[in-house]
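Asks: Residue numbers (the numbering used here): 194 to 742.
Input: one structure, supplied below.
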Amino acid sequence: MNLKELAKRLIPDENLLEPEEYESIYPQRELPKGAQVTRLAPSPTGFIHLGNLYSALADERCAHTTGGIFYLRIEDTDEKRKVEGAVESVIRSLKYFGIKFDEGAEIESPLNKYGPYYQRARAQIYRSFVKRLIEQGLAYPCFCTAEELDEVREKQTQSKETTGYYGVYAKCRNLSEQEIYKNLDEKKPFVIRLKSSGNIENKITFRDAIKGDITVTENDQDVVILKSDGIPTYHFAHAIDDHFMRTTLVIRGEEWLSSLPIHIELHKVLGFKQPTYAHTCSLMKMDGETKRKLSKRKDPELSLDYYRKAGYFPLAVVKYLMTVLNSNFEEWTLKNPDGDYRDFKFKIDKMGKSGALFDLDKLNDVSKTEISKLSPEACYDFLKEWVDEFGTDADRTHFKDREYILKILNLIMGTGGKKRRKDIERAEQGVRLLDYFFDDTFEPEYAYRFDGQTVAAVLDGFAKVYDPADDNPTWFSKLKEVAKAVGFAAEMSEYKANPTAFKGSVSDAAEILRIAVVGSPNSPDLCTIMGILGKERALKRLTDAKKDI
RNA sequence: GGCCCUGUGGUCAAGCGGUUAAGACGGAGCCCUCUCAAGGCUCAAUCCCGGGUUCGAUUCCCGGCAGGGUCACCA
């Protein structure tokens, strides 16, 4: 068979470059020794979730801790998956979490010398190599229809054989020259398959940067490398792109592990050196009784937008992910509480080998810790940003008074105290903490534990002596006096020593006052709260609080 | 089902043949305290099972079992 002629007929493109030429078009990168070139290679569905961020973070850290390059490549070989604006969305999402690309699709950079970064735009490159493979007799056209393939698969399943296109099932592998040209003349659609020379009896051991040694069987499937639309499959595009974009470290989900034999064979056949692979375990989620990996389809609540809406502090999400990525990161954080996570020595081989369950409690903890480290001004900015996008009209009005909010923030963050408070976990919840400082959102629940007479006595008693100029101890001693007057113990020690001798204690008096002022029995320092509200409003609340009793 | 990966408290996990089996989150309790938060202290809770190898296995080997992944002209 004249393979050269066949290749020309199958890949009729004019002006195709010779495969060898690409080696000089995309030369080896000049980078320091040990520098890693990594990439994020999403399909343009636009949907990006926590798992993608997790993976992107690993890529980004590996590149930037070694002086390497982190680039964005768009795997748009499947037309059906394309969503408008998806690429911008990916970039924007990652940027929100502080992750930036050095080069790639839609990235403005002088480094963009390895493009195009959209696979569809690289069709000529792939086709040049496919053509060469056909010439070498290492690839062939297949005219099987989807129905035929389904039929074969069904048969194989029934007879409990391995499914797929291999051995005797690779019907088109041995098509005669006449048959091929006949099909071609009839304009039958075709794909190009790899003529695999592998044998599943042979084992290959290779070293994964995360999982260590992995033994797989050789590939013997004649996989499709060029689809009938002339665009390659993932497998083929991966081999070509990561070779010519000079990727050194391919970090991808462990779901790719099973197709690794294909990639090994493809690299061999194309004469490429294999990159180092690092297969990350997937982030898992509890689904009823069992856990499963996070899914784009089933878990929309894990989209990155979800975290934005909930008002998580972006850096907190990143730091949480870092603890999952490298368990010793947490230890490092304890030693360097104020350190930049970028100073942490990220190690790919420290990554976990088993799928981690996504732990919301932990994220919440990291998030409130991060927010507690903010200055009130920075916290204001963070909350304001959330309010502008997701808050209520009332929230937006409230946030116009920056000075007032700052006063509140000083209080609920515990600024100036020895230890910061950690009241704000995320913006959505934190903004609600401000509600009782504004009359239009103050919704008290007057659930007193004492009779109306006692409550009124405490409220009236305190209203008479309250002076906003009082410092905290004075304020409290006044409260003690009021407590005493209604038959409460003024000192907690007295009360504890003999609880039955009193109707209640200062603590109870404080509770009554607190319910009146903030509408609930719990809040930060009451004296300060009353000060923020101002005398008039504070006293009005004391009066209003008696309405229902 | 075949193949591959993984298996230490509820969760994330250190550990690399001899340990009182770290730490963090969560839980319980105590202290502090005008309540809450924060903080400090304390407690409960773990090596999947069965065989080997070894003086000794959480650690090494084999076999189960369990969980996960994957078997497309999707990535």
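Every residue gets a Cβ at the ideal spot worked out from N, C-alpha and C, and that includes glycine.
Taking the C-alpha atoms as reference points, what is the distance between ALA587 and ASP628?
Replies: In the first sequence, the residue the question calls residue 587 occupies position 394. In the first sequence, the residue the question calls residue 628 occupies position 435. Going from the Cα of ALA587 to the Cα of ASP628 covers about 9 Å.
Asks: For the beta strand (DSSP E) that contains LEU419, what are its first and last residues?
Replies: By one-based count along the first sequence, residue 419 stands at place 226. Element bounds for LEU419: 417-419.
Asks: Any idea if VAL276 is buried or exposed, counting beta-carbon neighbours within 10 angstroms, 16 or more meaning buried?
Replies: Here residue 276 is taken as the residue at index 83 of the first sequence, counted from 1. Flag for VAL276 reads exposed.
Asks: With a cut-off of 8 Å on the beta carbons, I'd call GLN312 and ALA430 a contact; round off their distance for me.
Replies: The sequence position of residue 312 within the first sequence is 119, counting from 1. The sequence position of residue 430 within the first sequence is 237, counting from 1. Confirmed, about 5 Å.
Asks: Please classify ASP435 as buried or exposed, where buried requires at least 16 neighbouring CB atoms within 10 angstroms.
Replies: Taking the first residue of the first sequence as 1, we reach residue 435 at position 242. Buried, since its Cβ has 16 or more Cβ neighbours within 10 Å.
Asks: Rounded to whole angstroms, how far is the Cβ of TYR359 from the Cβ of SER321, which I believe are closer than 8 Å?
Replies: Position 166 of the first sequence, counted from the first residue, corresponds to residue 359. Position 128 of the first sequence, counted from the first residue, corresponds to residue 321. No, TYR359 and SER321 are not in contact; Cβ-Cβ is about 27 Å, not under 8 Å.
Asks: Over the uninterrupted beta strand (DSSP E) stretch that includes TYR513, give me the two end residues.
Replies: Position 320 of the first sequence holds residue 513. Looking at the DSSP string, TYR513 is not in any beta strand (DSSP E); the run it does join, the alpha helix (DSSP H), is 507-518.
Asks: Please identify the residue among PHE240, THR270, GLU268 and LEU233 whose C-alpha is closest to the C-alpha of CYS255.
Replies: By one-based count along the first sequence, residue 255 stands at place 62. Ranking the options by Cα distance to CYS255, first place goes to LEU233.
Asks: Per DSSP, what kind of secondary structure is SER496 in: helix, strand or coil?
Replies: As a working mapping, residue 496 is identified with position 303 in the first sequence. In the structure shown, SER496 sits in a strand (DSSP, three-state: E or B).
Asks: Note down the Cα distance separating ALA738 from THR667, rounded to an integer number of angstroms.
Replies: Position 545 of the first sequence, counted from the first residue, corresponds to residue 738. Position 474 of the first sequence, counted from the first residue, corresponds to residue 667. Cα-Cα distance, rounded: 23 Å.
Asks: What span of residues does the beta strand (DSSP E) with LEU332 cover, start to end?
Replies: Within the first sequence, numbered from 1, the residue matching residue 332 stands at position 139. Note that residue 332 is Ala in the sequence shown here, rather than Leu. Residues 332-335.
Asks: Do you know whose CA, among ALA251, LYS197 and ILE705, lies nearest ARG535's CA?
Replies: Mapped onto the first sequence, residue 535 falls at position 342. By alpha-carbon distance to ARG535, the top candidate from ALA251, LYS197 and ILE705 is ALA251.
Asks: Just confirm the distance between the C-beta atoms of LEU497 and ILE241, as a whole number of angstroms; I'd bet it's less than 8 Å.
Replies: By one-based count along the first sequence, residue 497 stands at place 304. By one-based count along the first sequence, residue 241 stands at place 48. Contact holds; Cβ gap of about 6 Å.
Asks: Check whether the Cβ atoms of CYS365 and TYR319 lie closer than 8 Å to each other.
Replies: Mapped onto the first sequence, residue 365 falls at position 172. Mapped onto the first sequence, residue 319 falls at position 126. In this structure, TYR319 does not lie closer than 8 Å to CYS365 by Cβ.
Asks: Taking 8 Å as the cut-off, decide whether the C-beta atoms of GLY548 and MET477 are in contact.
Replies: For the purposes of this step, residue 548 is taken as the residue at position 355 of the first sequence. For the purposes of this step, residue 477 is taken as the residue at position 284 of the first sequence. Yes.
Asks: Answer yes or no: do ILE742 and GLY645 have a C-beta to C-beta separation smaller than 8 Å?
Replies: As a first step, residue 742 is located in the first sequence; it is residue number 549 there, counting from the start. As a first step, residue 645 is located in the first sequence; it is residue number 452 there, counting from the start. Cβ distance < 8 Å, so ILE742 and GLY645 count as in contact.
Asks: Assuming PHE635 contacts GLY724 under a Cβ cut-off of 8 Å, what Cβ separation, rounded to an integer in Å, is found between them?
Replies: Numbered from its first residue, the first sequence carries residue 635 at position 442. Numbered from its first residue, the first sequence carries residue 724 at position 531. At roughly 16 Å, the Cβ-Cβ gap does not stay under 8 Å, so PHE635 and GLY724 are not in contact.
Asks: For ASP415, is the classification buried or exposed, using 16 other Cβ atoms within 10 angstroms of its Cβ as the cut-off for buried?
Replies: Within the first sequence, residue 415 is the residue found at index 222, counting from 1. So ASP415 ends up on the buried side.
Asks: So, is GLN229 buried or exposed, given that buried needs 16 or more other C-beta atoms within 10 angstroms?
Replies: Translated into the one-based positions of the first sequence, residue 229 becomes position 36. Buried, since its Cβ has 16 or more Cβ neighbours within 10 Å.
Asks: Report the partner residues of PHE635 according to the DSSP bridge assignment.
Replies: Here residue 635 refers to the residue found at position 442 of the first sequence. DSSP lists no partner for PHE635.
Asks: Closest to ARG439 by CA distance: which of GLN221, ASP492 and LYS528 is it?
Replies: Working through the first sequence from its first residue, we reach residue 439 at position 246. Closest by alpha carbon: GLN221.
Asks: Per DSSP, SER698 forms a beta bridge with which residues?
Replies: Here residue 698 refers to the residue found at position 505 of the first sequence. Checking the DSSP bridge columns, you'll see SER698 partnered with ALA682.
Asks: Could you tell me the distance, in whole angstroms, from the CA atom of VAL384 to the CA atom of LEU442?
Replies: Here residue 384 is taken as the residue at index 191 of the first sequence, counted from 1. Here residue 442 is taken as the residue at index 249 of the first sequence, counted from 1. Going by the C-alpha atoms only, they are around 30 Å apart.
Asks: Give the straight-line distance between the Cα atoms of ALA709 and THR585, rounded to the nearest whole angstrom.
Replies: Translated into positions along the first sequence, residue 709 becomes position 516. Translated into positions along the first sequence, residue 585 becomes position 392. About 25 Å.
Asks: Return the CA-CA distance between LEU556 and ASP616, expressed in angstroms with no decimal places.
Replies: Residue mapping note: residue 556 aligns to position 363 of the first sequence, counting from 1. Residue mapping note: residue 616 aligns to position 423 of the first sequence, counting from 1. Cα to Cα, LEU556 sits roughly 15 Å from ASP616.
Asks: Ignore the nearest five residues each way along the sequence and tell me which others in ALA676's own chain have a CB closer than 6 Å to its CB.
Replies: By 1-based counting over the first sequence, the position of residue 676 is 483. So the qualifying residues of the chain are ALA683, VAL699 and ALA702.
Asks: For VAL417 and SER302, I'd like the C-alpha separation in whole angstroms.
Replies: Position 224 of the first sequence, counted from the first residue, corresponds to residue 417. Position 109 of the first sequence, counted from the first residue, corresponds to residue 302. Whole-angstrom Cα-Cα distance: 34 Å.
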